[in-house]
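Participant:
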Amino acid sequence: MKTKNIRNFSIIAHIDHGKSTLADRLISECNAVEARQMSSQIMDTMDIEKERGITIKAQSVRLEYELGGEKYVLNLIDTPGHVDFSYEVSRSLASCEGAILVVDASQGVQAQTIANVYIALQHNLEIIPVLNKIDLPAADPQRVKDEIEHVIGLDCSSAIEVSAKTGVGIKELLEAIIIRIPAPKTDDDAPLKALIYDSWFDNYLGALALARLYDGVLKKGDEVYIMGSENRHEVLDLMYPNPLAPTKTRELSSGEVGIVVMGLKNVADVQVGDTITLFKKRAAAPVGGFEKAKPFVFAGIYPVQTDKFEDLRDALDKLSLNDSSLSYEPETSLALGFGFRVGFLGLLHMEVVKERLEREFDLDLIATAPTVTYAVYLTDGSCVRIHSPSELPAPNFIERIEEPYVRATIITPSEFLGNLISLLNLRRGIQTKMDYITPERVLLEYDVPTNEIIMDFYDKLKSCTKGYASFDYEPIDYRRGDLVKLDIRVAGEAVDALSIIVPASKAESKGRDLVKAMKEIVPRQLFEVAIQASIGNKIIARENVRAMGKNVTAKCYGGDITRKRKLLEKQKEGKKRMKAIGKVNLPSEAFLSVLKID
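Note that my numbering has the sequence shown beginning at 104, numbered continuously upward.
Have a look at this one:
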């Protein structure tokens, strides 16, 4: 295929604005999948995606379309819309020349719409605004065009109005893609340079790399060199991506996208962002401009059965190939045994990864409360970064603690503005911008401590705005905070997996809520169990789980009262001894109770 007839583009949008439906419509219009095999959300290959109705993994497909007597190849990448998967979006856009910006014609511009456009602008892509769902009774295309021009600054005079559901405007969109998105700038004669922008593990073919060729030609049987891992391999097969069955090919030319099969058993050999070149005729430098994802939220993940630790390591190895934003390292906990400290891009990402590990690898897991990275400045002038409260040094060694902040962008109907500002003030937010997009809709920008949004902020935001507000965030900097470590003690022993770092002003109320929640979960023992919240050695809250009783005087009938008293005293002594040496096994729900406190 001639390079001038290739178009590489992504679909970007907010959640539920119709990306996957539009991708389905483009696939059926180009006959890439037969009508009898077509299904809704065909690009979403995971059960969890279809169940939740969200895209988690960016997917690619090669489409062929004829216009003006010439055949064109369109490489489409369908990207996720949720803020937690923005790394998938940036990774996909790094390998494109254009982007289709899909905006719901009834809902208008949302927070993630803005975030995704900025990523596309950073990569200097040609952006085609598309108004979807014009068949809805509430659709108002002109209002939404004005919003895009006002909020984002994109010219919408040539925006395309489509209905992915009914097929209206799809042909016009395909023509616009061919006319407006530039062809890749490549050189067939230059040394091979291909960017790995996705990878996954196949049980039959091994680790597969999805690559975009910038220069040169790649043929089946070539000996290639992976520049990052510095390994050489033979190309066993080449395929064009397709949601049902990839199409085999003998070679890939510059500008094209294809799957490279090298029969790799070691998942570490194909890292996303690495560059493939020919072993004998190497490129001078790898493809640049590709950043590794920075974890945003950390949590401990432990197997319920301790002998499954190696299975969990193997599962994380395989999953990290499919989800390159995942980072993890082994850690141990006195309460939970051996496990891993895993870095995620957000709370939904954490939820999805845990569910995928349990489903795809048949594991039973416990996840601890999520935390963020803190910068701790010590009295000797040094600075340490901690991901877990258990790593926090003793208070007498700490000069100050700095916590990460995010810039939160929220778009909400103006009637919920009061509720939203109250919520943000409660979460220590600092307002930086407030802009009325229309008289009915407001754009807010706040600087908020990351720790305040990783627990249940999104749920509270949706509750106080009846589900109408949209939310997006990006990390900005570290700022000094008055923070303390809150420990939970069960029967006098601190449970390291339940420790959290909280603002000093909220420590007492958090401690009270936590011990109250724990009291309902800790099973009753034969002795009284004290559940305490403490800061250092100072106890700030306490609840008692009553001992299970046994009627030791039941066998006494008649006789002297002193006989009964002796039995009760004996029981009392036994309970005291039990309390001194008794151990309490905590159920897994106890570790999740931290997530549920407000």
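Backbone N, C-alpha and C define an ideal beta-carbon position, used for all residues, glycine too. Model, not experiment: these values are computed from the prediction.
Along the chain, which unbroken stretches of the beta strand (DSSP E) at least 3 residues long are found entirely within the region 308–344?
Facilitator: Taking only runs of at least 3 residues, the beta strand (DSSP E) segments lying wholly in the region 308–344 are 309–318, 326–329, 334–337, 340–343.
Participant: Measuring only the C-alpha atoms, how far is I514 from T568?
Facilitator: Their Cα atoms are separated by approximately 10 Å.
Participant: If I'm right that L313 touches S131 with Cβ under 8 Å, what's the distance once you round it to whole angstroms?
Facilitator: Not confirmed; about 23 Å, so no contact.
Participant: I need the boundaries of the beta strand (DSSP E) containing S720, first residue and last residue.
Facilitator: The structure shown does not extend to residue 720, since the chain is modelled only from 104 to 701, so the question has no answer here.
Participant: Within 10 angstroms of its Cβ, does D147 collect 16 or more other Cβ (buried), or is it exposed?
Facilitator: Caution is warranted here: a pLDDT of 48 is assigned to D147, below 50, making its placement in the model unreliable, and no coordinate value can be reported.
Participant: Could you have a look at E611 and say whether DSSP puts it in helix, strand or coil?
Facilitator: Helix.
Participant: Would you mind working out which of P498, S332, L419 sits nearest A367, comparing C-alpha positions?
Facilitator: Looking at the sequence shown, residue 367 is not Ala but Leu. Out of P498, S332, L419, S332 has the C-alpha closest to the C-alpha of L367.
Participant: Do S423 and L429 have their C-beta atoms within less than 8 Å of each other?
Facilitator: Cβ distance < 8 Å, so S423 and L429 count as in contact.
Participant: What residues are listed by DSSP as bridge partners for E505?
Facilitator: E505 is bridged to A478, R583.
Participant: Could you round the C-beta distance between Y477 and E506 to whole angstroms and report it? I think they count as a contact, below 8 Å.
Facilitator: Going by Cβ atoms, the distance from Y477 to E506 rounds to 6 Å, so yes, they are a contact pair.
Participant: Just mark S261 as buried or exposed, buried being the case when its beta carbon has 16 or more other beta carbons within 10 Å.
Facilitator: The residue in question, S261, is exposed, as its Cβ has fewer than 16 Cβ neighbours within 10 Å.
Participant: Cutting at 8 Å between CB atoms, please list the residues of its own chain near A286, excluding the five before and the five after it.
Facilitator: These residues qualify, in order along the chain: T106, K107, N108, I109, R110, E200, G358.
Participant: May I ask you to report which of helix, strand or coil DSSP gives S356?
Facilitator: Coil at S356, not helix or strand.
Participant: The beta strand (DSSP E) with G639 in it runs from where to where?
Facilitator: Counting along the chain, G639 falls outside any beta strand (DSSP E), and DSSP gives it neither H nor E.
Participant: So the candidates are D562, G614, S573; which of them puts its Cα closest to the Cα of V587?
Facilitator: Nearest option by C-alpha distance: G614.
Participant: Report, in whole angstroms, the separation of the C-beta atoms of V475 and V487, which I expect to be a contact under 8 Å.
Facilitator: About 15 Å; that fails the 8 Å criterion.
Participant: Contact check, I501 vs L481 under 8 Å by CB: the rounded distance?
Facilitator: About 6 Å; that satisfies the 8 Å criterion.
Participant: Can you tell me which of the three DSSP states A388 falls into?
Facilitator: The answer is coil: DSSP assigns A388 none of H, G, I, E or B.
Participant: According to DSSP, is M365 helix, strand or coil?
Facilitator: In the structure shown, M365 sits in a strand (DSSP, three-state: E or B).
Participant: Judging by CA-CA distance, which residue of I404, D318, Y307, P398 is the nearest neighbour of M365?
Facilitator: Minimum Cα distance to M365 is reached at Y307.
Participant: In angstroms, rounded to a whole number, what distance separates the CA positions of Y405 and P473?
Facilitator: Those two C-alpha atoms are separated by around 13 Å.
Participant: Return helix, strand or coil for V55, following the three-state DSSP convention.
Facilitator: Since the first and last residues shown for the chain are 104 and 701, residue 55 lies out of range.
Participant: Just checking my contact of A202 with I230 at CB under 8 Å: how many whole Å lie between their CB atoms?
Facilitator: So it is a contact: roughly 5 Å between Cβ atoms.
Participant: Quick check on this structure: which residue in A387, G440, A418 has the alpha carbon closest to the alpha carbon of D410?
Facilitator: D410 has its Cα closest to that of G440, out of A387, G440, A418.
Participant: Relative to the C-alpha of K457, which candidate in L468, G449, L448 has its C-alpha closest?
Facilitator: Of L468, G449, L448, the residue nearest in Cα terms is L468.
Participant: How is T535 classed by DSSP in three states: helix, strand or coil?
Facilitator: Note: T535 maps to strand in three-state DSSP.
Participant: Helix, strand or coil for I280 per DSSP?
Facilitator: Helix, per DSSP.
Participant: From N499 to I255, what does the alpha carbon distance come to, in whole angstroms?
Facilitator: Whole-angstrom Cα-Cα distance: 49 Å.
Participant: When the Cα of F630 is compared with those of V648, F443, C259, which residue comes out closest?
Facilitator: The residue with the shortest Cα to Cα distance from F630 is V648.
Participant: Comparing the C-beta of E623 with each C-beta of chain D, is any distance below 8 Å?
Facilitator: No chain D appears in this structure, which consists of one protein chain only.
Participant: Can the beta-carbon of K236 be found less than 8 Å from the beta-carbon of A242?
Facilitator: In contact: K236 and A242 (Cβ atoms closer than 8 Å).
Participant: Can you tell me which of the three DSSP states Q215 falls into?
Facilitator: Helix at Q215.
Participant: Does the distance from the C-beta atom of G449 to that of F399 stay below 8 Å?
Facilitator: Going by C-beta atoms, G449 is nearer than 8 Å to F399.
Participant: Report yes or no: do the region 562–582 and the region 606–613 share at least 3 C-beta pairs separated by less than 8 Å?
Facilitator: Result no; under three Cβ-Cβ pairs closer than 8 Å.
Participant: Go to L468, then tell me how far its alpha helix (DSSP H) extends in each direction, as first and last residue.
Facilitator: Note, L468: premise wrong, no alpha helix (DSSP H); beta strand (DSSP E) at 468–470.
Participant: Just tell me which of V373, A600, P516 has its CA closest to the CA of M537.
Facilitator: The candidate whose alpha carbon is nearest that of M537 is P516.
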